[in-house]
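Visitor:
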Amino acid sequence: MVDHKPRRITPLKKPLLILLFLVLAPLAASAVRYLWLGDGRENWQTADRSSAGLLPAAAANSEAVIRVFGARTVRWRSIFAVHTWIVVKEKNAPTYTRYDYTAWGEPIRTNGFAPDGRWFGAAPETIVAVDGARAEALIPKIRHVIENYKFRSYGDYSVWPGPNSNTFVQAALDAVPELRAVLPPTAIGKDFPYTGRWAGITASGTGIYASLAGYLGFSIGWVEGLEINFFGVVLGFDIRRPALKLPGLGRVGLRPGV
1 MVDHKPRRIT PLKKPLLILL FLVLAPLAAS AVRYLWLGDG RENWQTADRS
51 SAGLLPAAAA NSEAVIRVFG ARTVRWRSIF AVHTWIVVKE KNAPTYTRYD
101 YTAWGEPIRT NGFAPDGRWF GAAPETIVAV DGARAEALIP KIRHVIENYK
151 FRSYGDYSVW PGPNSNTFVQ AALDAVPELR AVLPPTAIGK DFPYTGRWAG
201 ITASGTGIYA SLAGYLGFSI GWVEGLEINF FGVVLGFDIR RPALKLPGLG
251 RVGLRPGV
């Protein structure tokens, strides 16, 4: 006699299936967007890297400045990820200083591009913006992290799971928890455990995290919200400034602010 009863999904399988759907569906939507609309960059080698007009001329702005910008990476990688970088300027300084962490040459690149330049044709977005006395007080901490960053030698850069450009920027932000700043979920590599610690208190001091070498992990905290790292892509939500954090699509909801 044949048993025609439907097979039941075990209690463990159901949440795993839901998690996979929540991870894969946004990635699929981002892939469709890329394949259907493209990213507007025909040849990344000759793509526009000029200023996007997000910063005034340094000489015209006497205040100290901290900015973190992010823009979609090139080619198919833009489906998943953004590249982030740091810009600082002390009070009355005549120029900005831009720091990138790249896969070519010495990983830490200083002033290799315009401070608010397009990333191989992709317009940047502002992730962190601090000016005035507050920026002036925090810039030394950022510079100290950059000058003493562990992964600064040829060959240290690793696209996945890190350390990459987003790991570098996350390390700088972690040094200034007063910013209460969080990189977007599309900043692949931000969860790489650059300190060597795979678990502990989040840099903001408002939560906890665990990471399996950057491949799998989670964080939960008032500043960080809830984030699940699934092989580099991040799924979660922010309660403090309500928003969903979706792989490929990024943050959907209120802007993070500072």
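Each residue of the sequence shown is one higher than the one before, counting from 1 in this note's numbering. We put the CB at the ideal spot given by N, CA and C, even for glycine.
1) By Cβ distance, which residues of its chain are closer than 7 Å to S51, with the 5 residues on each side in sequence left out?
2) Quick check on DSSP: helix, strand or coil for G75?
3) Compare the beta carbon distance of K150 and Y101 with 8 Å and say whether it is the shorter of the two.
4) Please report how far the alpha carbon of L27 lies from the alpha carbon of P94, in whole angstroms.
5) Using a Cβ-Cβ cutoff of less than 8 Å, which residues in the same chain neighbour R144 once the five nearest sequence positions on both sides are dropped?
6) Just tell me which of A122, S204 and K91 has its CA closest to the CA of N43.
7) Let me know if Y154 comes out buried or exposed under the rule of 16 or more other beta-carbons within 10 Å of its beta-carbon.
8) Taking V23 as the reference, give the member of R255, F237, L254 and K89 with the closest Cα.
9) Going by alpha carbons, who is nearest to L249 out of A31, W160 and L17?
10) Identify which residue in W85, F120 and Y215 has its Cα closest to the Cα of N111.
11) If I measure Cβ to Cβ from L37 and keep anything under 7 Å in the same chain, skipping five residues before and after, which residues do I get?
12) If distances are taken between C-alpha atoms only, which option among F231, L212 and F69 comes closest to V182?
13) Given I127, which residues of its chain have a CB within under 6 Å of its CB, disregarding the five upstream and five downstream residues?
14) Does the Cβ-Cβ distance between P185 and R251 come in under 8 Å?
15) Taking K141 as the reference, which of V88, I108 and A210 has the closest Cα?
16) Label A81 either buried or exposed according to how many other C-beta atoms from any shown protein chain fall within 10 Å of its C-beta, with 16 as the threshold for buried.
17) Please go through the same chain and pick out, in chain order, the residues whose beta-carbon is closer than 8 Å to the beta-carbon of V258, but skip the five residues on each side of it.
18) Among residues of its own chain, excluding the 5 on either side of G205, which ones have a beta-carbon nearer than 7 Å to its beta-carbon?
19) Between the C-alpha atoms of H83 and I208, what's the straight-line distance to the nearest angstrom?
20) Where does K259 fall in DSSP's three states?
21) Between the Cα of E90 and those of R75, R72 and L138, spot the shortest distance and give me the residue it belongs to.
Guide: Let me lay it out:
1) A114, D116 and G117
2) Note on identity: in this sequence residue 75 is Arg, with Gly being the wrong assignment. In this structure, R75 counts as helix in the three-state DSSP scheme.
3) no
4) 42 Å
5) The residue asked about is misnamed: residue 144 is His in this sequence, not Arg. Counting only Cβ-Cβ distances below 8 Å, and skipping sequence neighbours, we find A175.
6) Looking at the Cα atoms, A122 is the closest of the given residues.
7) exposed
8) F237
9) A31
10) W85
11) none
12) The shortest C-alpha separation from V182 is found at F69.
13) V68 and G70
14) yes
15) V88
16) buried
17) Unreliable positioning characterises V258 in this predicted model, as indicated by a pLDDT of 47, which lies under 50. A coordinate reading is not provided.
18) P177
19) 25 Å
20) Residue coverage of the chain in this structure runs from 1 to 258, which leaves residue 259 outside it and unanswerable.
21) L138
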